[in-house]
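Per the working numbering, residue 338 is the first one in the sequence shown, and the count goes up by one each step. Some notes on the structure that comes next.
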Amino acid sequence: MWFKTKLNRMSLLLIVIACGQPAMAAVSETPIPVNHQQPETDRVSVMQASDPAIAVVEKYFALMRNGDISVVDLFHPDALLLGLGRRTTGSEAIRKFYTESIASGRPQPRNAGPLLSDGSRVAAEIHIGLSDGSSLHVIDLFTVKDGRIQSLNYFLADEPPAN
């Protein structure tokens, strides 16, 4: 792999993910296949805030910060969540996932860097504060189609407690 310029930490992480690292996923019992399709482009660009895909993702995070279950209305009826080695598909399963997530942890996402977009895919590095005082470091990869979230692939790690 070659690099013309220095890459910031987020760009490097996106390259690692795009190069075929196995995905982690959400709440059903269906394991995720290891042979994911590769993205059609290797170019990642930072788009303006007027990018429609970024606007959808920003609305997603605003609704999550408010504990608003209407966040599920941002998803296509056949949308896919991937995270923690599981897949969750369809409106009913996604509604159940967010109902349980909001009720159990009252997640408070905050950006750790800029949202990155290629027009339909958005990458976000975030920190999520939970109601029990713990925090997660998360990478969310959204695919937005027709103004709605078609897929959300998330990668997370516990953050160490502050000393």
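Using N, Cα and C, we set each Cβ at its ideal position, and we do this for glycine too. If you're wondering where the values come from, they're calculated on a predicted model, not measured in any experiment.
Which listed residue (the options) has its alpha carbon closest to that of residue i
{"i": "Glu429", "options": "Leu473, Arg423, Asp415 and Gly442", "result": "Asp415"}
{"i": "Glu462", "options": "Ser454, Ser468 and Asp469", "result": "Ser454"}
{"i": "Glu496", "options": "His464, Lys396 and Phe434", "result": "His464"}
{"i": "Val408", "options": "His474, Gly466, Thr436 and Lys482", "result": "Thr436"}
{"i": "Gly442", "options": "Arg458, Gly427, Val459 and Ser472", "result": "Ser472"}
{"i": "Lys433", "options": "Gly466, Tyr397 and Leu418", "result": "Leu418"}
{"i": "Tyr397", "options": "Asn448, Leu421 and Gly420", "result": "Asn448"}
{"i": "Gly404", "options": "Val393, Asp388, Gly466 and Ser457", "result": "Gly466"}
{"i": "Val393", "options": "Gln487, Gly450 and Gly470", "result": "Gln487"}
{"i": "Gly420", "options": "Ile431, Leu411 and Asp410", "result": "Ile431"}
{"i": "Ala440", "options": "His474, Gly456, Asp469 and Val475", "result": "Asp469"}
{"i": "Asp388", "options": "His413, Arg423 and Ser457", "result": "Ser457"}
Buried versus exposed call for residue i [16 or more other C-beta atoms within 10 Å across all chains shown]
{"i": "Leu489", "result": "buried"}
{"i": "Asp477", "result": "buried"}
{"i": "Thr425", "result": "buried"}
{"i": "Gly484", "result": "exposed"}
{"i": "Ala494", "result": "exposed"}
{"i": "Asp410", "result": "exposed"}
Segment limits, beta strand (DSSP E) that includes residue i
{"i": "Asp477", "result": "Ser472 to Lys482"}
{"i": "Ser387", "result": "Segment: none, Ser387 is in no beta strand (DSSP E) and carries neither H nor E."}
Whole-Å CB distance - residue i paired with residue j, under 8 angstroms assumed
{"i": "Val481", "j": "Ala390", "result": "4 angstroms"}
Residue i CB to nearest heavy atom of the ligand GTP below 7 angstroms
{"i": "Ile391", "result": "The ligand content of the structure shown is nil, which means the ligand GTP is not present either."}
Exercise. Which runs of the alpha helix (DSSP H), 4 residues or longer, sit entirely within the segment 400-469?
Worked result: 428-442
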